[in-house]
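J.: Each protein sequence line maps, in turn, to chains A and B.
Here UniProt numbering is used: the first residue of the first sequence is 1, the next is one more, and so on.
Here UniProt numbering is used: the first residue of the second sequence is 1, the next is one more, and so on.
Every residue, glycine too, gets a C-beta built ideally from N, C-alpha and C.
All figures in this text were calculated on a predicted structure; none of them were measured in a lab.
2 protein chains.
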Amino acid sequence: MADPSANAAQSYCYQYPHPAVTTDVVLFTIHEDSLQLLLIERGNKPFKGSWALPGGFLNIDEDLDACAARELAEETGVAPPYLEQLGAFGKPGRDPRERVISVAYLALAPETALAVRAGDDAAAAAWFSVKALPALAFDHAEIIALAHRRLIGKLDNSTIAFQLLPETFTLGELQRVYETLVDAEIDKRNFRKWAQALEQIEATGELRRRGNHRPARVYRLTDRDRITRFK
Amino acid sequence: MADPSANAAQSYCYQYPHPAVTTDVVLFTIHEDSLQLLLIERGNKPFKGSWALPGGFLNIDEDLDACAARELAEETGVAPPYLEQLGAFGKPGRDPRERVISVAYLALAPETALAVRAGDDAAAAAWFSVKALPALAFDHAEIIALAHRRLIGKLDNSTIAFQLLPETFTLGELQRVYETLVDAEIDKRNFRKWAQALEQIEATGELRRRGNHRPARVYRLTDRDRITRFK
DNA sequence: TTAAGTTAGTGTCGAATTTACACTAATGCA
DNA sequence: TGCATTAGTGTAAATTCGACACTAACTTAA
């Protein structure tokens with residue numbers, strides 16, 4: 001992350017001051033039946049030592065989506081399969097260095113796709129339960145709250161939650177994802193009826209043996225990587 | 001609207017180039033049973049003479065929402081009661097002058113609140129039916145498409161459409177708004193049942209006499225200016 | 001003054017959807 | 001071999017949704 005205002009080199013000039021533009025990513029995953037999100041410990045001022053969303057400054061010829069993906073990869077090594085823009089956050093003063101407009105993203109990834117490592121100017125990268133977040137830098141608590149609301153809001157009229165599962169999964173796994181997200185138990189038979197009525201999943205024909213119980217049928221999305229909106 | 005890259009004056013400098021940030025507003029209203037939106041005819045390059053969303057550059061100490069409201073007021077004289085952020089549009093090349101990130105807004109206003117006049121660098125301001133839009137500058141067709149989808153998407157789980165009506169209204173007027181938005185006829189008795197089950201409107205006790213027919217009860221929102229989300 | 005035209009306002013019944021609910025099946029482990 | 005664990009399945013009641021037709025109150029014109 002650069003700190004332009006502190007640097008004397010002056011390569012680009014405008015008649016009117018332009019704000020800096022950054023992207024920040026709220027990456028959710030589900031780990032041990034808990035909805036978690038990825039934060040980095042800031043290695044630089046401001047807010048050095050406190051936790052923040054992965055993100056950083058937009059390159060001048062870079063698409064916003066690409067910036068979000070790049071910064072996430074640089075700082076955490078993660079390339080999530082789902083990335084959706086949340087909106088722009090630009091309250092004056094949200095960054096003490098200079099005026100910064102941040103375009104926030106919501107990202108989802110299955111636990112299996114994650115090999116997190118701290119990179120660049122992040123001192124550390126770590127997962128936190130949404131129920132036990134540390135003190136956050138900037139207005140990132142607000143961004144996270146919006147991301148969480150957006151995720152929950154899309155649950156029952158889209159297949160967005162499938163992005164939290166790997167390519168193949170069992171109906172039990174799918175149900176546990178939904179139960180974690182809505183933080184409540186769901187009736188098994190009704191859930192399975194609902195999931196199959198979507199016509200978005202198909203059995204692979206395989207069985208998955210996990211644990212000392214009957215093996216489960218394995219499913220995949222019929223339309224891989226597509227979020228379907230319905231109702 | 002300034003054109004910084006064409007100007008030799010150089011007052012602000014950064015180590016890395018910052019993009020310009022603008023806001024653009026998609027203001028909908030309903031006029032004569034047609035969903036219309038406000039466009040301005042551009043008086044300056046680029047896209048001089050073609051139509052665009054009202055909007056303009058963010059002041060360096062200005063909140064995004066305030067910028068949207070200010071630019072709308074400056075260019076069209078309108079102060080809509082509802083303004084919601086849609087998202088950021090920032091594809092490189094969307095503005096031929098320089099890199100511009102536009103934060104788009106969705107605004108709604110009742111027809112009664114509108115006294116449009118062209119201002120500033122807009123040659124003209126005019127309403128267009130969403131069904132017959134002119135050729136649009138920049139990526140504004142894309143922004144409008146998103147705004148329209150967002151509005152329709154929120155219809156049946158929020159009271160957003162009430163923002164298209166003045167403070168008091170009859171159930172017949174409310175129904176016509178919904179019929180215009182979904183572009184279909186709605187059963188009168190079912191609609192009225194639904195509207196009253198929301199518990200968001202209350203009768204004022206007055207009657208409204210309009211035309212050669214029985215007068216209608218007048219209603220208002222119980223929670224004025226609040227968009228309620230349900231389901 | 002009366003008839004015609006127009007929108008306001010109201011309830012029921014069948015269809016479709018949603019919810020509650022309990023047992024058998026197949027595996028691993030002790 | 002029995003116990004614990006998760007997989008997998010259907011039905012009936014309750015609720016919601018959707019179709020549908022008439023009377024009420026006013027204005028205007030004959």
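1) Going by the CB atoms, is the gap between B/Y105 and B/A145 shorter than 8 angstroms?
2) Can you name, in chain order, every residue of its own chain whose Cβ lies under 8 angstroms from the Cβ of B/V78, other than the five neighbours on each side?
3) Counting only Cβ-Cβ distances shorter than 7 angstroms, please list the residues of the segment 89 to 112 of chain B near chain A, keeping chain order.
4) So which residues on chain A does B/D139 lean against when the C-beta distance must stay under 8 angstroms?
5) Between A/K48, A/E75 and A/A203, which lies nearest to A/A216 when the distance is taken from Cα to Cα?
6) Is the segment 86 to 94 of chain B touching the segment 50 to 68 of chain B, taking contact as three or more C-beta pairs under 8 angstroms?
7) State the CB to CB distance for the pair B/Q36 and B/S129, rounded to an integer number of angstroms; the pair is presumed to be in contact (CB under 8 angstroms).
8) On the DSSP bridge assignment, give the partners of A/R229 in chain order.
9) One question on the structure: do A/H140 and A/D24 come within less than 8 angstroms of each other, judged by their Cβ atoms?
10) Taking B/A20 as the query, report the chain A residues whose CB atoms sit under 7 angstroms from its CB, ordered along the chain.
11) Work out the CA separation of B/D187 and residue 232 of chain A for me, nearest whole Å.
12) Let me check understanding here. Comparing Cα to Cα, which of A/A137, A/R189, A/F162 and A/P134 lies closest to A/Y178?
13) Is the segment 154 to 174 of chain B close to the segment 205 to 223 of chain B, with three or more CB pairs under 8 angstroms?
14) Does A/G87 get closer than 8 angstroms to chain B when you measure Cβ to Cβ?
15) Can you tell me where the beta strand (DSSP E) holding B/A107 begins and where it ends?
16) Since B/D63 meets chain A, which of its residues come closer than 9 angstroms, beta carbon to beta carbon?
17) Let's test the definition: count the other Cβ atoms within 10 Å of the Cβ of A/G87 and tell me whether it reaches 16, buried, or not, exposed.
18) Buried or exposed, going by whether 16 or more other CB atoms sit within 10 Å of the CB of A/E206?
19) Name the two residues that bound the continuous beta strand (DSSP E) containing residue 314 of chain B.
20) Quick one: using the 10 Å Cβ neighbour count with 16 as the cut-off for buried, is B/R209 buried or exposed?
21) From the beta carbon of A/L83, is the nearest beta carbon of chain B less than 8 angstroms away?
22) From B/I152 to A/A124, what distance separates their C-alpha atoms?
23) Note down the Cα distance separating B/Y16 from A/G43, rounded to an integer number of angstroms.
24) Could you please give the first and the last residue of the uninterrupted beta strand (DSSP E) stretch that includes A/R208?
25) Are the C-beta atoms of B/D223 and some chain A residue less than 8 angstroms apart?
26) So B/L58 contacts chain A; which residues on that side make the cut at Cβ distance below 8 angstroms?
27) Just checking my contact of B/A107 with B/L133 at CB under 8 angstroms: how many whole Å lie between their CB atoms?
28) Output the distance between the C-alpha atoms of A/R150 and B/N212, rounded to the nearest integer angstrom.
29) With B/S50 and B/L136 assumed to form a contact (beta carbons below 8 angstroms), what rounded beta-carbon distance in angstroms separates them?
30) Using three-state DSSP, classify B/P19 as helix, strand or coil.
T.: From the atom records:
1) no
2) L27, L38, L72, A109, A113, L114, A115 and V116
3) G90, K91, P92, R99, I101 and V103
4) What B/D139 touches in chain A: nothing, since even the nearest Cβ is about 12 angstroms away.
5) A/A203
6) no
7) 5 angstroms
8) A/S158
9) yes
10) H18
11) Residue 232 of chain A lies beyond the stretch modelled for chain A, which goes from 1 to 231, so this question has no answer here.
12) A/F162
13) yes
14) yes
15) V100 to L108
16) G90, K91 and P92
17) buried
18) exposed
19) No information on residue 314 of chain B is available, as it lies outside the stretch 1 to 231 that chain B covers here.
20) exposed
21) no
22) 43 angstroms
23) 21 angstroms
24) I201 to R208
25) no
26) P19, G90 and I101
27) Actually they are not in contact, since the Cβ atoms of B/A107 and B/L133 sit about 17 angstroms apart, beyond 8 angstroms.
28) 47 angstroms
29) 7 angstroms
30) coil
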